[in-house]
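As they're listed, the protein sequences go chains L and S.
In case it helps, my numbering puts the first sequence at residues 1 to 196.
In case it helps, my numbering puts the second sequence at residues 197 to 392.
Protein chains: 2
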Amino acid sequence: MPGAQAMTPAGRRILAAAEELFYHRGITAVGVDLIAEHSGVTKRTLYNQFGAKDHLVAAYLAERDQRWRSLVRATVDACDDPVEAVTAPFDALSIWSGDNTRGCAFINALAELPDPSHPAHRIAADQKHWLRNLFEELATAAGRAEPATLAVRLLVLHEGALATRPLTLDTLSASTDLARDLVRARLPVGGTDRPR
Amino acid sequence: MPGAQAMTPAGRRILAAAEELFYHRGITAVGVDLIAEHSGVTKRTLYNQFGAKDHLVAAYLAERDQRWRSLVRATVDACDDPVEAVTAPFDALSIWSGDNTRGCAFINALAELPDPSHPAHRIAADQKHWLRNLFEELATAAGRAEPATLAVRLLVLHEGALATRPLTLDTLSASTDLARDLVRARLPVGGTDRPR
DNA sequence: TCGCACGTACACTGATCGGTGAACCACCAG
DNA sequence: CTGGTGGTTCACCGATCAGTGTACGTGCGA
Chain L
1 MPGAQAMTPA GRRILAAAEE LFYHRGITAV GVDLIAEHSG VTKRTLYNQF
51 GAKDHLVAAY LAERDQRWRS LVRATVDACD DPVEAVTAPF DALSIWSGDN
101 TRGCAFINAL AELPDPSHPA HRIAADQKHW LRNLFEELAT AAGRAEPATL
151 AVRLLVLHEG ALATRPLTLD TLSASTDLAR DLVRARLPVG GTDRPR
Chain S
197 MPGAQAMTPA GRRILAAAEE LFYHRGITAV GVDLIAEHSG VTKRTLYNQF
247 GAKDHLVAAY LAERDQRWRS LVRATVDACD DPVEAVTAPF DALSIWSGDN
297 TRGCAFINAL AELPDPSHPA HRIAADQKHW LRNLFEELAT AAGRAEPATL
347 AVRLLVLHEG ALATRPLTLD TLSASTDLAR DLVRARLPVG GTDRPR
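This is the structure in structure tokens:
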């Protein structure tokens, strides 16, 4: 995992073209020749840099994951109020969804790569766990009751909105509204809530 | 669209093999030769029945959609209490998820077939709209306030749980619990006396 | 008995797939 | 001057892709 920064200029162009093509046209449907052509590079160079298509796929997902996490982190950090911060990832999602109309790149990748040993599976699972843990940290910091339960609920809302992005349904605002309602949880949480 | 019932024996076997293979291995990754082999049929017969791979893909999705709707309908109809009926699709999802560990076949199909003119897009959109409308009908019948808003929220929860099925997160019970809380119009984390 | 629909067997097409080999060039540091 | 790194050019590999053509067999209804 070269890290994209420690990468040769041609390598970066290849990765950029791969991101664009893989996300918008699907991984299996896009051949290495097409990526090489779109990045103005020879197929030979592509293989000198990445070795195999699967490695390029992994690099694409890792890079995308990193970019998304940066956006989420920045959006969260921009919040003064710790309660607002809990739903900040939904604001990030609103921005992110603008350009990314084809849903979740990781869910989509798993759909095309059923082999569980493919690196894509680990990257995808890591990302979702990271988000769930972030929700839990934020909920704890905001003094919410049962932060673990709340975190999974927020995660489901987040993924539901993201996954249905390609459909003609306004799920984003619905999930964001509900998320805020959940976090504000006007009702005093009774002491009889089952532990978790 | 032959309707699966008005189909030749060989045609049904082909469709059954296609469902199995397309769902578990991905559409683009599965070739017609493999489907023919798995259904004990010549590739010639496959093309005599379906004409093109895309038509077979459409038939696969349509058939799957129909099977899923039947399950949901049956689960809803088995409910005496109209309030319980609103969240019955989540009980159906629990059953459905047992065999279908690779998430939503329609979200997955859209990931592989970016062309919006592909019949898969219409089928997928129709399915999600159907579910949203069903939620709205059920919410109205149960006398819930703002049934349209509630319906979209339930849809997001449903899709979130389904889409994240391949990941190692227990999103199904979380979304079902939250759905019930929403329908009972008790606010979020409350629920002290809920039977389960 | 005729014809037709369903299905098999098998060879074949052109295109595309992921991936490789080898020669060559430009640059920069030792 | 020399060697290594990054890159190009181009030809090539075997495999697989979706899809077709043709001839043949079988059962059934008119």
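Just so it is clear, CB atoms sit at the ideal spot from N, CA and C, and this is done for glycine as well.
The C-alpha of Leu46 (chain L) lies about 28 Å from the C-alpha of Thr101 (chain L). Secondary structure remark: continuous alpha helix (DSSP H) runs of at least 4 residues inside the segment 326-365 of chain S, in chain order: 343-359.
Separation of Gln49 (chain L) and Pro119 (chain L) (C-alpha to C-alpha, rounded to the nearest whole angstrom) is 18 Å. In the three-state reduction of the DSSP assignment, Ile27 (chain L) falls in the coil class, being assigned neither a helical nor a strand state. In this structure, DSSP gives Thr297 (chain S) a state outside helix and strand, which the three-state scheme calls coil. C-alpha of Ala288 (chain S) to C-alpha of Ser39 (chain L): approximately 47 Å in a straight line.
Under the DSSP assignment, Thr241 (chain S) falls in the alpha helix (DSSP H) whose first and last residues are Lys239 to Phe246. Less than 8 Å divides the Cβ of Leu327 (chain S) from the Cβ of Pro285 (chain S).
Chain order gives the chain S residues near Lys128 (chain L) as Thr360, Leu363 and Leu365, where near means a beta carbon separation below 8 Å. Straight through space, the alpha carbons of Ala161 (chain L) and Glu342 (chain S) are spaced by roughly 20 Å. The beta carbon of Leu110 (chain L) is closer than 7 Å to those of Ala120, His121 and Ala124 in its chain, skipping five residues each way along the sequence.
A direct Cα-to-Cα measurement between Ala338 (chain S) and Ser371 (chain S) gives close to 20 Å. Taking a beta-carbon distance threshold of 8 Å, Arg132 (chain L) counts as an interface residue toward chain S. Taking a 10 Å sphere around the C-beta of Asp115 (chain L), we find fewer than 16 other C-beta atoms and assign the residue as exposed. Where Leu230 (chain S) is concerned, the enclosing alpha helix (DSSP H) starts and stops at Val228 to His234. Asp181 (chain L): member of the alpha helix (DSSP H) spanning Thr171 to Arg184, first to last residue. In this structure, the alpha-carbon of Met203 (chain S) lies about 12 Å from that of Glu259 (chain S). Within its own chain, the residues whose Cβ lies closer than 8 Å to the Cβ of Ala10 (chain L), once the five positions on either side in sequence are excluded, are Ser39, Val41, Thr45 and Gln49, listed in chain order. Residues of chain S with a Cβ closer than 8 Å to the Cβ of Pro119 (chain L) do not exist; the shortest Cβ-Cβ separation is about 15 Å. When the beta-carbon positions are compared, Glu308 (chain S) and Glu37 (chain L) stay at least 8 Å from each other. Under the Cβ distance rule, Asn108 (chain L) counts among the residues neighbouring chain S, one pair being separated by less than 8 Å.
Nearest to Lys128 (chain L) by alpha-carbon distance, out of S:Leu330, S:Glu333, S:Asp366 and S:Glu280, is S:Asp366.
If you draw a straight line from the Cα of Asp80 (chain L) to the Cα of Asn133 (chain L), it comes to about 20 Å. Look at the segment 216-236 of chain S: the residues with a C-beta under 9 Å from a C-beta of chain L are His220, Arg221, Gly222, Ile223, Thr224 and Ala225. Contact check for Leu138 (chain L) and Val86 (chain L): beta-carbon distance about 4 Å, within the 8 Å limit, so the pair qualifies. A direct Cα-to-Cα measurement between Leu61 (chain L) and Arg69 (chain L) gives close to 12 Å. The residue from S:Ile231, S:Thr360, S:Leu378 and S:Ala255 with its alpha-carbon nearest to that of Ser293 (chain S) is S:Thr360. Between Leu15 (chain L) and Ala59 (chain L), the beta carbon gap of about 6 Å places them in contact (Cβ cut-off 8 Å). In this structure, the alpha-carbon of Glu215 (chain S) lies about 30 Å from that of Glu19 (chain L). The C-beta of Val352 (chain S) comes closer than 8 Å to at least one C-beta of chain L.
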